[in-house]
């Protein structure tokens, strides 16, 4: 593991922040119609200013929130499972989210008013479905009294297949228009028209709280990657840390998915790429994954808007991440295997 000094942490954070800022500027400028940023800011009464403030900027914030939440939770899951293939969606989050959201949409549930606040049902059902799925997978994998990373992965995959079958069945029971709406949502979208301020701020708070918890236990995650026996000898309360990290990451994933639908590969390839470039120290890996994930999803969303004139409709950002993520992940896995082989032959 590369030694992490305050200078290295500061330098890495600065560079990643500048790259994220550049991606954000691209995200607010490009789209169905490009806007002059300086012209928009200098004239609050212009159409460009309205597009910037009411559409582009909230969309960039949403993309950054979802990207950061999925990537940092993916990094934590990979440490917890000691497996670079571990991903929130593989572990059951996607199946639970899809099942919860599809049930709410197919039943035509709209909104719930509580204490004067209008709460949309679909995002709540998505959040609860994702959270419940991850908790269920964890509980089943720990039923024998001994946690098994292999069991978590296998149960997560099986649960996703089961949830996918239920979702497909529900799609056959609704109208063609509703089925089209479900399909678009399942492919992942950052449509800010679907997300109100309450949803956005709630998700932001949940992701921030979960991320703070992960950062607090970054050292414990470093030790857990060495194995349970080593962690126990070093005084790490293994079960308490594992349970806390699992709950924190589950909440983060649920919050992200509730406002975006299913956007795959972010929690898989981003932590993997950052780990290969910057090392496996979670004091740097977690914030670096968050900023890189935010940057990646902002740029993918910008690309989906650039492609709008070509395909006459906006490509769901989940499709873009899948197109990019698949080949990139294969490349990263090959590079990781080559690096491991070089270390063994040294």
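Numbering (our numbering), first residue to last: 7 to 352.
Glycine included, C-beta positions come from ideal geometry on N, C-alpha and C.
None of the values given here were measured: they were computed from a predicted structure.
Of the residues 246, 334, 135, 85, the one whose Cα lies closest to the Cα of residue 107 is 135. Under the DSSP assignment, residue 232 falls outside any alpha helix (DSSP H); it carries neither an H nor an E label. Under the rule that a run must span 4 or more residues, the alpha helix (DSSP H) segments found entirely inside the stretch 254-319 read 272-284, 288-312, 314-317. A straight-line Cα-Cα distance of about 46 Å links residue 127 and residue 11. For residue 63, the closest C-alpha among the options 14, 199, 86, 102 is that of 199.
Put simply, the backbone Cα of residue 160 is about 48 Å away from that of residue 41.
Residue environment analysis places residue 304 among the buried positions, since at least 16 neighbouring C-beta atoms fall within 10 angstroms of its C-beta.
In this structure, residue 133 sits near residue 261, with a CB-CB distance shorter than 8 Å. Around the CB of residue 54, 16 or more other CB atoms lie within 10 Å, so the residue is classed as buried. The C-beta distance from residue 278 to residue 90 rounds to 5 Å, short enough to meet the 8 Å contact threshold. Between residue 255 and residue 81, the alpha-carbon positions lie close to 10 Å from each other.
Apart from sequence neighbours up to five positions away, the residues of its chain that approach residue 229 with a beta-carbon distance below 8 Å are 236, 237, 240, 242, ordered along the chain. Ranking 325, 137, 111 by CA distance to the CA of residue 183 puts 111 first.
Look at residue 333 here: in three-state DSSP terms it is helix. For residue 290, the CB contacts under 7 Å within the same chain, skipping 5 residues up- and downstream, are 10, 15, 18, 284 in chain order. Inclusion of residue 221 and residue 325 in the CB contact set at 8 Å is not warranted, their separation being larger than that value.
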